[in-house]
Amino acid sequence: MNESPAPATPFDAQAYLRRIGLKSTPHADFAGLQALFHAQLRAIPFENFDVLLGRPIALHPAAIFAKLVHRRRGGYCFELNGLFLHALHAFGFSARPLLARVCRDGIPLGRGHQISLVTLGATRWLLDVGFGAPHLPGPMPLTLHHPFGAAHERFRLTAAPPYGIMLQQEKAEAWSDLYCFDLGHVCDGDIAYANHYTSTHPASFFTTHRVAALATETGRVSLLDTTLRRITREGEELVEVAEGEDYLATLRLLFSIDLGEDGHRLPALAAAARKP
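My numbering numbers the first residue of the sequence shown as 1 and each following residue consecutively.
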């Protein structure tokens, strides 16, 4: 099967389009795929603050929609790519989820990252609106050994037995591994298992660090613990953000993440940023 079943929960297409800033309904073609990808990537931030606040990450379509669309929060891969997959189905695309292994220090971890595979005619496309940073510059054709993206930030897919296919990013004229995946069927239970580990295990990156990221028209902005990184066409800027009100204001102003009073309950970084 090329397409996973559409969720039984109704999808409010107009509310979703308002949330991501699209004024017209996209067609189920490559132009529509690009429009949806870029609009969601730039409108809904990648973030893990509910994990750090000890809240369960619910993946039912209605729960994801309520959080990301109605409450205008962000989320991490299972929420962001989950919402995106529901949108793809709603707008008529043939799409299904895959699970990837993120690489840490060149070593693939468990299948803990959700991505999407879309088929348009004879071409299959990799889409990921939930990796944070770096992010893909657009829908990526599922073709091996063909660099993809602008000269300053290129990606490619390579064969990576026994794990399947490896996504790599070019850095300083060398290629570094981001994550690997295969094209096997992924069911809701697989995603639930991965989400539980990622959001609760004490060795998970998301239970030990604060993270936020958002694409912009000229680059991206990201926050890892207290380090704010802005990337534009002019270059890169790093700034340290003070704890407390300055930190919460940065989340509101740059990422549109408003934690309200709950922001004062975030674990102290001495604990939240401990190494696995």
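Glycine included, each C-beta is placed from N, C-alpha and C at the ideal position. Please read these numbers as outputs of a predicted model, since none were measured by experiment.
Tell me whether P202 is buried or exposed, calling it buried when 16 or more other Cβ atoms sit within 10 Å of its Cβ.
exposed
Are there 16 or more other CB atoms within 10 angstroms of the CB of K171, so buried, or fewer, so exposed?
exposed
Under a Cβ-count criterion, where at least 16 other Cβ atoms within 10 Å of its own Cβ denotes burial, should R96 be classed as buried or exposed?
buried
Leaving out five residues on either side along the sequence, give the residues of the same chain with a beta carbon under 7 Å from the beta carbon of T232.
T218, G219
Since G74 contacts I107 with CB under 8 Å, what's their CB separation in whole angstroms?
No, G74 and I107 are not in contact; Cβ-Cβ is about 28 Å, not under 8 Å.
Which value, in whole angstroms, describes the spacing of the CA atoms of M140 and H27?
18 Å
Tell me the residue span of the alpha helix (DSSP H) that contains F65.
61-65
Mind checking whether the beta-carbon of A39 lies closer than 7 Å to any heavy atom of the ligand MG?
This structure lacks the ligand MG; in fact it carries no ligand of any kind.
Given a cut-off of 8 Å, decide if H135 and L41 are closer than it, judged by their beta-carbon atoms.
yes
Using alpha carbons as the reference points, say which of T9, G54, L254, I20 lies closest to P61.
T9
Would you report the Cα separation of G21 and V69, rounded to the nearest angstrom?
11 Å
Distance between R71 and L269 (C-alpha atoms, nearest Å)
26 Å
Suppose only complete runs of 3+ residues qualify. What are the beta strand (DSSP E) ranges in the segment 162-227, listed by chain order?
164-171, 174-181, 211-216, 219-224
Who are I46's beta bridge partners in DSSP?
Just to set this straight, residue 46 is Phe in the shown sequence, not Ile. According to DSSP, which records beta bridges pairwise, F46 is partnered with G75, A213.
Thinking L36 and C103 are a contact (beta carbons under 8 Å), I'd like their distance in whole angstroms, please.
Contact doesn't hold; Cβ gap of about 27 Å is too wide.
Would you please state the rounded distance, in angstroms, between the beta carbons of R124 and Y163? I believe it to be under 8 Å.
18 Å between Cβ atoms; not a contact.
Identify every run of the alpha helix (DSSP H) within the segment 10-46, keeping only runs that are complete inside it and at least 4 residues long; order them along the chain.
13-20, 30-43
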